[in-house]
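Asker: The opening residue of the sequence shown carries number 14 in the working numbering; numbering runs sequentially from there.
All C-beta atoms, glycine included, are put in the ideal place defined by N, C-alpha and C.
Source: prediction; values computed, not measured.
Handing you a structure now.
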Amino acid sequence: MARVKKGRETDEPIHIGRVLAVLREALDWTQSDLARESGVKRGSISEYESGKSTPDVVTLERLLSAMRFRWIALDFGRWFVDWLLTHCRIPEGEDGPGATAPPLGTVSSLATQLSADVAATNQTALLLSKLVVMLQEEQRAENPSSESDNQDTPARDRKAEQRAAQALWSRIKPLSHTEQAEALRSAPSEAQRAVCDLLCKESQRLCEEDPGKATMLCELALVAADLAEGGEGMRSKLRGLAWAHLGNSLRARGDLEGAEGAFASADEFWKVGDGMTDGIEEGIIFALKASLRRAQRQFDEAKHLLERAWLLASDPTFRVQVMVSKAKLLEEMGDLDEAAALLRQVKETASPEIEARLLLRIWHNLSDTLSKLERFEEAVALLPQTRAYLLKAGGELNRARLMWTEGRIAAGLGDVEEGIALLSRVRGEFASRD
């Protein structure tokens, strides 16, 4: 039986090389023509159009300028290619352009079944977790002097475990994703709890720069959670932590539906592990979910979740993160004055010892908010220190985001040409990254 396909075989974004090919063909140019006009090697253009590599922003600008296209042409070209692939392809099994498309019920039913299978698997894991926790509680009731409840058990050296986890991750980081998972499975169970926590934190950092890699780290965190010692209650708590960070990475990728499902799993596992703290920041799941609610424009619930996260926060750095998130929420709710006031408070009270990535967020967000309030003189005064934190924190997307704010400030101070140049540069940065 012939396979039935939708118009699009994948939901992956259209590679920018395909769009460049469409623009070039629209001019009836060959790759050699474009190479001659742009000064870019024909072999490089061929690799771009075949999707083997992606042009950087400077090269992309040269190609567009040679064809005399504006940046917006990339958006229209991408839309055109996507529309063709979605609506104009003939499903396999049809004879030609005049044939009638077969019903898509098969695809729909398969997708529904897959979703049901995933949900059933997750539910089975939850039921097993609850059963094991129940049996452990019964065992403790029958034998209250068990080793797990012995108050004389020496306290664990969390810092040593964190160092061991960092050493393990540094060793397996260069490996492929499959090899990393295998290496984790062979690591000692006593190291898995710290490894899970480390991978979750790394994924949160990567969400701003590379959400795809952040998702892969969360998948590894789930592997570590399954192998951690401390009983099923602790493993469930760690699974909840990993699922919440997975939801956060999906949110950063724009997959809000997938993120919603991940947070539902996080909630269930978190409940099973209720009472198992052991150094886990209790408010983190609420702070991460607040970011999803903000993306969904459910502002009241996002604000409530951040308030819960603040009340549960124990780590000073996490408190700062919650306040920065609240300021961003206030900005998107339209309360720019209150957002700026909160960020200024955080800037003046935050320890200079916290990580540069968080300091960059504070200073950049404050400068950006002030520019939206048209308080350009105050905003520009923050830029030198913001750039200094950018040098420490790094990240190409961080640089592009700051350039966006710099463009708005430049225009607001009267240098419209510089503002347009900076914003066009940012446009190219994002386009070159698909």
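What is the rounded straight-line gap between the Cα of S78 and the Cα of Q309?
Answerer: 37 Å
Asker: With a threshold of 8 Å, are at least 3 pairs of Cβ atoms found where one atom belongs to the segment 223-230 and the other to the segment 200-210?
Answerer: These segments do not touch.
Asker: If you draw a straight line from the C-alpha of T399 to the C-alpha of K65, how long is it?
Answerer: Taking the straight line joining both Cα atoms gives about 36 Å.
Asker: Just curious, the alpha helix (DSSP H) that Q205 is in, first and last residue?
Answerer: 202-219
Asker: Can you check whether the CB of A369 is closer than 9 Å to the CB of K341?
Answerer: no
Asker: Use the C-beta contact count for C10: other C-beta atoms within 10 angstroms, 16 or more gives buried, fewer gives exposed.
Answerer: No answer is possible for residue 10: it lies beyond the span of the chain, which begins at 14 and ends at 447.
Asker: How big is the Cα-Cα spacing for L458 and K302?
Answerer: Nothing in the structure corresponds to residue 458, since the chain is present only between 14 and 447.
Asker: If we ignore side chains and look at the alpha-carbon of each, how far apart do Q311 and A444 end up?
Answerer: 29 Å
Asker: Quick check on the DSSP output: the alpha helix (DSSP H) that includes P329 runs from which residue to which?
Answerer: Segment 329-345, the alpha helix (DSSP H) holding P329.
Asker: For S380 versus G425, is the C-beta distance shorter than 9 Å?
Answerer: No; because the gap between Cβ atoms is not below 9 Å, this pair is not in contact.
Asker: Note the first and the last residue of the continuous alpha helix (DSSP H) segment covering L97.
Answerer: 85-100
Asker: Rounded to a whole number of angstroms, what is the C-alpha to C-alpha distance between L188 and V70?
Answerer: 29 Å
Asker: Taking the continuous alpha helix (DSSP H) assigned at S262, which residues delimit it?
Answerer: 244-265
Asker: How should Q44 be labelled, buried or exposed, when 16 other C-beta atoms within 10 angstroms of its C-beta is the threshold for buried?
Answerer: buried
Asker: Would R37 be called buried (16 or more neighbouring beta carbons within 10 Å of its own) or exposed?
Answerer: Here R37 is buried: its Cβ has 16 or more other Cβ atoms, across all protein chains shown, within 10 Å.
Asker: What is the DSSP secondary structure of K54, reduced to helix, strand or coil?
Answerer: coil
Asker: For the structure I just gave you, are there three or more beta carbon pairs, one from the segment 53-62 and one from the segment 85-97, closer than 8 Å?
Answerer: no
Asker: So, at 7 Å on beta carbons, what are the nonlocal neighbours of S262 in its own chain, with the 5 sequence-adjacent residues on each side left out?
Answerer: S216, C220, P224, A227, T228, C231
Asker: Please name the residue, chosen from S63, D328, A392, I27, that lies closest to N378 on a Cα-to-Cα basis.
Answerer: If we check each option's Cα against that of N378, A392 comes out closest.
Asker: Taking all protein chains shown into account, decide if I458 is buried (16 or more other Cβ within 10 angstroms of its Cβ) or exposed.
Answerer: Within the shown structure, residues of the chain are numbered from 14 to 447, placing residue 458 beyond reach of any answer.
Asker: Looking only at its own chain, which residues have a Cβ that is under 6 Å from the Cβ of E222, when we skip the five neighbours before and after it?
Answerer: G408, L410
Asker: Do I27 and L98 come within 9 Å of each other at the CB atom, strictly closer than that value?
Answerer: yes
Asker: Among the candidates S63, F93, A48, D95, whose CA atom is the shortest distance from the CA of R75?
Answerer: A48
Asker: Excluding the 5 residues flanking L251 on each side, which residues of the same chain have their C-beta closer than 6 Å to its C-beta?
Answerer: C209, A238, A241
Asker: Tell me which residues share the same chain as R421 and place their Cβ nearer than 6 Å to its Cβ, disregarding the 5 neighbours each side in the sequence.
Answerer: S384
Asker: Using a beta-carbon distance below 9 Å, is R248 in contact with chain C?
Answerer: Within the model displayed, chain C is absent; a lone protein chain is all it includes.
Asker: Taking the alpha-carbon positions, what's the W417 to V333 distance?
Answerer: 24 Å
Asker: Give me, in chain order, the residues of the same chain whose beta-carbon lies closer than 7 Å to that of L343; leave out the 5 immediate sequence neighbours on both sides.
Answerer: Within the same chain, E351, A352, L355 come within 7 Å of L343 by CB-CB distance, once the 5 residues on both sides are set aside.
Asker: Using the Cα positions of S202 and G253, report the straight-line distance between them to the nearest angstrom.
Answerer: C-alpha separation (whole angstroms): 18 Å.
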